[in-house]
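Okay, so here's the structure we're looking at.
Number of protein chains: 2
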Amino acid sequence: MILKLVVDEYIKTAEPIGSKILSEMLNVSSATVRNEMGILEDLGYIEKTHTSSGRMPSEKGYRYYIETIVKNLDEETEGFFEFEKLFLNKEQERDEIIKEAIDLLSQATNCTAISLGPNAFHSKVKKVQLVPISSHQAIILVITNFGHVESKQITIQDEIDTEELIKVIDLLNELLMDTPISKVSEKLHYEIQHSHIKELLKYRDTIVESFIEAFSKFAQSKYYLTGQSNMLYQPEFNDIKKLREFITTIENNEIFKLVEVDSEGISVKIGTENQVTTMQDCTVITSTYDTVDGDKGTISLVGPTRMDYRRVIPLMKFLAKHIQKLYEEE
Amino acid sequence: MILKLVVDEYIKTAEPIGSKILSEMLNVSSATVRNEMGILEDLGYIEKTHTSSGRMPSEKGYRYYIETIVKNLDEETEGFFEFEKLFLNKEQERDEIIKEAIDLLSQATNCTAISLGPNAFHSKVKKVQLVPISSHQAIILVITNFGHVESKQITIQDEIDTEELIKVIDLLNELLMDTPISKVSEKLHYEIQHSHIKELLKYRDTIVESFIEAFSKFAQSKYYLTGQSNMLYQPEFNDIKKLREFITTIENNEIFKLVEVDSEGISVKIGTENQVTTMQDCTVITSTYDTVDGDKGTISLVGPTRMDYRRVIPLMKFLAKHIQKLYEEE
DNA sequence: TTTAGCATTCAAAACGATTGAGTGCTAAAG
DNA sequence: CTTTAGCACTCAATCGTTTTGAATGCTAAA
Numbered sequence: 001m002i003l004k005l006v007v008d009e010y011i012k013t014a015e016p017i018g019s020k021i022l023s024e025m026l027n028v029s030s031a032t033v034r035n036e037m038g039i040l041e042d043l044g045y046i047e048k049t050h051t052s053s054g055r056m057p058s059e060k061g062y063r064y065y066i067e068t069i070v071k072n073l074d075e076e077t078e079g080f081f082e083f084e085k086l087f088l089n090k091e092q093e094r095d096e097i098i099k100e101a102i103d104l105l106s107q108a109t110n111c112t113a114i115s116l117g118p119n120a121f122h123s124k125v126k127k128v129q130l131v132p133i134s135s136h137q138a139i140i141l142v143i144t145n146f147g148h149v150e151s152k153q154i155t156i157q158d159e160i161d162t163e164e165l166i167k168v169i170d171l172l173n174e175l176l177m178d179t180p181i182s183k184v185s186e187k188l189h190y191e192i193q194h195s196h197i198k199e200l201l202k203y204r205d206t207i208v209e210s211f212i213e214a215f216s217k218f219a220q221s222k223y224y225l226t227g228q229s230n231m232l233y234q235p236e237f238n239d240i241k242k243l244r245e246f247i248t249t250i251e252n253n254e255i256f257k258l259v260e261v262d263s264e265g266i267s268v269k270i271g272t273e274n275q276v277t278t279m280q281d282c283t284v285i286t287s288t289y290d291t292v293d294g295d296k297g298t299i300s301l302v303g304p305t306r307m308d309y310r311r312v313i314p315l316m317k318f319l320a321k322h323i324q325k326l327y328e329e330e
Numbered sequence: 331m332i333l334k335l336v337v338d339e340y341i342k343t344a345e346p347i348g349s350k351i352l353s354e355m356l357n358v359s360s361a362t363v364r365n366e367m368g369i370l371e372d373l374g375y376i377e378k379t380h381t382s383s384g385r386m387p388s389e390k391g392y393r394y395y396i397e398t399i400v401k402n403l404d405e406e407t408e409g410f411f412e413f414e415k416l417f418l419n420k421e422q423e424r425d426e427i428i429k430e431a432i433d434l435l436s437q438a439t440n441c442t443a444i445s446l447g448p449n450a451f452h453s454k455v456k457k458v459q460l461v462p463i464s465s466h467q468a469i470i471l472v473i474t475n476f477g478h479v480e481s482k483q484i485t486i487q488d489e490i491d492t493e494e495l496i497k498v499i500d501l502l503n504e505l506l507m508d509t510p511i512s513k514v515s516e517k518l519h520y521e522i523q524h525s526h527i528k529e530l531l532k533y534r535d536t537i538v539e540s541f542i543e544a545f546s547k548f549a550q551s552k553y554y555l556t557g558q559s560n561m562l563y564q565p566e567f568n569d570i571k572k573l574r575e576f577i578t579t580i581e582n583n584e585i586f587k588l589v590e591v592d593s594e595g596i597s598v599k600i601g602t603e604n605q606v607t608t609m610q611d612c613t614v615i616t617s618t619y620d621t622v623d624g625d626k627g628t629i630s631l632v633g634p635t636r637m638d639y640r641r642v643i644p645l646m647k648f649l650a651k652h653i654q655k656l657y658e659e660e
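Below is the structure:
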């Protein structure tokens, strides 16, 4: 009970908690609280900043708090009204909804929120197209069964032969239709070696290479990151050095190393449990969702270890569940 | 001469400059320097932070320094070797080259660099396309004569009628081919009112609206921003409040208000000369370039007023010139 | 016009005393 | 055996004072 109160209070105030406040809450004397706190400290759940300071939760303390208190909360959804509204709007595109949810999440928690979309590696090619735009240039288009489009501009040295191009495209369409993105490169290379394509394509090298480049754009995961500045106003960032390091880490995209892509369900990494050294005062919460095509997407929240776990963890679960639903509906 | 030295030294050290250092440089006594400095201060070119401090340049001082000393520099290109290399690589796409130049610029100057691309408002429609991806969904594609592609997913309530769709697309292509992006919306609305299209299109409303949305994506200027974190390590950002404000300004995209899109050639806005209040200790340098289609693009540099103008200004001119060349070559 | 000399100014650093929230421990009370 | 009152102790934080030193302005002599 004392541990719970220490964590709750510390989350609220960001100040070490002394025996006096707790004694008032519990209607016991401060001495009693001090005795108990001494024991909790010996066990490693709370710690002091100096000999005569109040106590604050240790990582172990947070861990215990989360495992026993937060994880057993019923799937709370009260207070999530704003979030529920987002998912009711059937008109909007899925990616838009996710983006708004992430924005709202970072606002509501004063943390940095990240969405790392599924990498579309399992999407299939729906259509391939080549549109000439001048005598030497053309645009390559690739469209997947989920409606993602990627394009790449190519330049061809010789005059473009429209007749031949149409042939090329027809062939590529026939060849690649319904091929998973991840297999495209392999398949293209194979066919060039083993089928009659070799002779057919005058601009073979240029075109095939450009296509592979266009396909590789799908593999680059789509991400969205928001709310750095919210976080900066938290008292743990009063230290200018930490603040600079944090921004630098974000700008170098190192923050994505924090995201636990492999984990199932929800994962909470507290302080030194995560690998990026400049972020070892932070907690990273990652919640994954499944898409229909076998990929996984994640939403993550990065904030000070002192974050409102009781509210945030159910919220993250809630969001992941609803995003997953968006995929199932499609 | 003294003004020049004060500015040069201050740019190097970020510390107010006293008479002693200058007297050593000039081989006169410190008293002489003090007399002269007194005059410069009366004229408003330099200022003190307190009665017994050294002097630092005022905004007026910087202004004078730039007008008389920097602007008259011959078009220096020495030391730009790294930058020249970028433009020699003929294989890369234009946008990629610009991006790399901006990265390098921010690195070399420890400032935040921004590229605000031409908004493609003058590009013309090359081709319009609609690709069905399921029984109720399709992708709209718009391709410009410069090879930009935008796409938008649409959902249609009724079963898609392929026959009819082909007709729609043919019609739209005929209608919009070579229309400048800026005129598309107008033209579509007009034709719907006045021609036989009205009856022809069963899915008229959905499709036309979606097209207009897709076109509007072109109008959103493409931007690229890099190097926030470089800047944060400059001594002027030792103040944590300023640092937070700066990051917030960037995250809210307010930084783009600083960019002088309308100006010709190079524009230097020092301190309070720019409008965003949280940035009035900064200088914003903007250099514009013309694209062949009548649009203008800009590259900008945001940094502390104490920035190395002698190097930066020629560099910005150099970059804008070369980017313009990229457009001319195409 | 330049310089030497001197009194003056003021931010920043160094120092010391005070404060107060908090602790641990002990001995008495329940 | 548990709780509480009491007391000595600790230490970050605050505040005021002093010291220091880099700079100034001004004056009178060179």
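As given, the protein sequences belong to chains A and B, one line each in that order. Using this note's numbering, the first residue of the first sequence is number 1, and each one after it goes up by one. Using this note's numbering, the first residue of the second sequence is number 331, and each one after it goes up by one. Each residue gets a CB set at the ideal place from its N, CA and C atoms; glycine is no exception.
Compute the distance between the beta-carbons of residue i and residue j, then report whether it is under 9 Å.
i, j, result
"Ile285(A)", "Ser210(A)", "no"
"Met224(A)", "Lys60(A)", "The identity of residue 224(A) in the sequence shown is Tyr, whereas the question assumes Met. No. Outside cutoff."
"Pro16(A)", "Met56(A)", "yes"
"Ala438(B)", "Leu645(B)", "yes"
"Lys342(B)", "Ile643(B)", "no"
"Ile97(A)", "Ile323(A)", "yes"
"Gly627(B)", "Thr442(B)", "no"
"Gln228(A)", "Glu581(B)", "yes"
"Lys647(B)", "Glu405(B)", "yes"
"Thr618(B)", "Gly595(B)", "yes"
"Ile247(A)", "Ile577(B)", "yes"
"Ile542(B)", "Leu518(B)", "yes"
Between which two residues does the alpha helix (DSSP H) harbouring residue i extend?
i, result
"Tyr190(A)", "181-194"
"Glu330(B)", "Residue 330(B) falls outside the range modelled here, since chain B spans only 331 to 660, and no answer is possible."
"Gly297(A)", "Careful: Gly297(A) lies outside any alpha helix (DSSP H), inside the beta strand (DSSP E) at 296-304."
"Ser19(A)", "19-26"
"Glu603(B)", "It is not in any alpha helix (DSSP H) - Glu603(B) carries neither H nor E in the DSSP assignment."
"Ile250(A)", "240-251"
To which residues of the same chain is residue i closer than 6 Å at the C-beta, ignoring the five residues directly before and after it?
i, result
"Val363(B)", "Ser349, Leu352, Ser353"
"Gln459(B)", "Leu471"
"Lys124(A)", "Asn145, Asp178, Pro180"
"Asp433(B)", "Thr556"
"Leu343(A)", "Past the boundaries of the shown model lies residue 343(A); chain A is included only from 1 to 330, so the question cannot be answered."
"Gly601(B)", "Glu389, Gln610, Thr635"
For residue i, decide whether its Cβ has a neighbour in chain A, counting only Cβ atoms nearer than 9 Å.
i, result
"Ser559(B)", "yes"
"Glu581(B)", "yes"
"Leu562(B)", "yes"
"Ile570(B)", "yes"
"Ile577(B)", "yes"
"Val461(B)", "yes"
"Thr662(B)", "Chain B is shown only over 331 to 660; residue 662(B) falls outside these bounds and no answer can be derived."
Does the CB of residue i have a neighbour CB from chain B at under 9 Å?
i, result
"Leu40(A)", "no"
"Gln153(A)", "yes"
"Ile207(A)", "no"
"Thr226(A)", "yes"
"Arg63(A)", "no"
"Leu3(A)", "no"
"Leu243(A)", "yes"
So the beta strand (DSSP E) residue i belongs to, where does it begin and stop?
i, result
"Leu130(A)", "125-132"
"Ser617(B)", "612-620"
"Ala438(B)", "Premise fails: Ala438(B) lies in the alpha helix (DSSP H), 424-439, not in any beta strand (DSSP E)."
Got a sec? Which residues, its chain only, sit under 8 Å from residue i by beta carbon, not counting five neighbours each side?
i, result
"Met331(B)", "Leu356"
"Leu243(A)", "Leu232, Phe237"
"Phe256(A)", "Ile114, Leu116, Tyr223"
In its own chain, which residues sit with a C-beta less than 7 Å from the C-beta of residue i, not counting the 5 before and 5 after it?
i, result
"Gln722(B)", "Nothing about residue 722(B) can be read from this structure; chain B reaches only from 331 to 660."
Near-chain A residues of the segment 604-634 of chain B (beta-carbon distance less than 7 Å), N- to C-terminal order
So nothing in the stretch comes that close.
What residues in the segment 424-458 of chain B have a beta carbon less than 7 Å from any beta carbon of chain A?
So the list reads Lys456, Lys457, given in the order they occur along the chain.
Which residues, in chain order, does the segment 464-483 of chain B contribute to contact with chain A at a C-beta distance below 9 Å?
Taking a C-beta cut-off of 9 Å against chain A, the contacting residues of the segment 464-483 of chain B are Ser464, Gln467, Ala468, Ile469, Leu471, Ile473, Thr474, Asn475, Phe476, Gly477, His478, Val479, Glu480, Ser481, Lys482, Gln483, listed in chain order.
Members of the segment 183-195 of chain A near chain B, C-beta cut-off 7 Å:
Within the segment 183-195 of chain A, contact with chain B at the beta-carbon level (separation under 7 Å) is assigned to no residue.
Give the residues from the segment 635-656 of chain B that approach chain A closer than 8 Å (Cβ to any Cβ), ordered along the chain.
Those would be none; no residue qualifies.
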